[in-house]
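Position one of the sequence shown corresponds to residue 403 (the numbering used here), numbered consecutively onward. First the structure, in the form of structure tokens, and then the observations on it.
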Amino acid sequence: MSDERSPWVGDLMHDKDADRRGIVTDVRGGSLWVLRPELGPGKPWTSDRPEMLGLVTPREEMRDWL
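Here it is, written out as structure tokens:
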């Protein structure tokens, strides 16, 4: 992700390791991303590999959905 921006709170991402989409809810210490399911209830999960998090919708566009 050297030429891309890092995932940040509010971004909708596709986690390639978990093979699921989620919204970033927290970034801990700049090295651990916490995601929740895109829709509905579900258990949050973490990723320590930002290179495996592909941007689906940036947080700026997600605000438009609210």
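Heads up, the beta-carbon is just placed ideally off N, CA and C, and yes, glycines get one too.
Please classify residue i as buried or exposed, where buried requires at least 16 other C-beta atoms within 10 Å of its C-beta.
i    : result
W410 : exposed
D417 : buried
L455 : buried
For residue i versus residue j, is the C-beta distance shorter than 8 angstroms?
i    : j    : result
L437 : D450 : no
P446 : T427 : yes
E406 : R423 : no
P443 : S408 : no
Excluding five sequence neighbours on each side, which residues of the same chain lie with their C-beta closer than 8 angstroms to the C-beta of residue i?
i    : result
M464 : G412, D413, L414, I425
Which same chain residues end up closer than 6 angstroms to residue i when comparing Cβ atoms and leaving out the 5 residues on each side of it in sequence?
i    : result
R430 : none
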